[in-house]
Amino acid sequence: QVQLVESGGGLVQAGGSLRLSCSVSRSFLSINTMGWYRQAPGKQRDLVATITSGGDTSYADAVKGRFTISRDNAKRLIYLQMNNLKPEDTALYYCNVRLGSFYYWGQGTQLTVSS
15 QVQLVESGGG LVQAGGSLRL SCSVSRSFLS INTMGWYRQA PGKQRDLVAT
65 ITSGGDTSYA DAVKGRFTIS RDNAKRLIYL QMNNLKPEDT ALYYCNVRLG
115 SFYYWGQGTQ LTVSS
């Protein structure tokens, strides 16, 4: 079992920045992929960014050049640095990890971007 706890969400004006954090309950050893997803009201949950155990990153087109995913192995934290935020970034942001064939999710942290 893996517990994930997101934090750092809030209300920010368009053009602003925010960093989300995800605390992971176990060592990153054997965790294959870590990622951030988001879900806006009435919409499906979409992938935002991922980072592999090897450090390779990938991003949704909508956030490329604005968001950066990173991790701190020692602190067992996954970050999502978000810059130049837009109202369409408003969503509930979820942290996700894949451990073997299992996927684990946090409860989410809300980001609201005002215009």
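Under the numbering used here, the first residue of the sequence shown carries the number 15, and numbering increases by one thereafter. Here a beta-carbon is modelled for each residue, glycine too, at the ideal position from N, C-alpha and C. If you're wondering where the values come from, they're calculated on a predicted model, not measured in any experiment.
Check	Outcome
Looking at C-alpha atoms only, which residue of Val26, Val77, Asn97, Phe42 is the closest neighbour of glutamine 17?	Phe42
Cβ of valine 19 within 8 Å of Cβ of valine 127?	no
Return the residue from the list Asp60, Phe81, Ser67 that minimises the CA-CA distance to glycine 30.	Phe81
Excluding the 5 residues flanking tryptophan 119 on each side, which residues of the same chain have their C-beta closer than 6 Å to its C-beta?	Tyr108, Asn110
Reducing DSSP to helix, strand and coil, say where aspartate 70 ends up.	coil
On the premise that leucine 61 lies in contact with alanine 74, defined as a C-beta separation below 8 Å, what is that separation, rounded to the nearest angstrom?	6 Å
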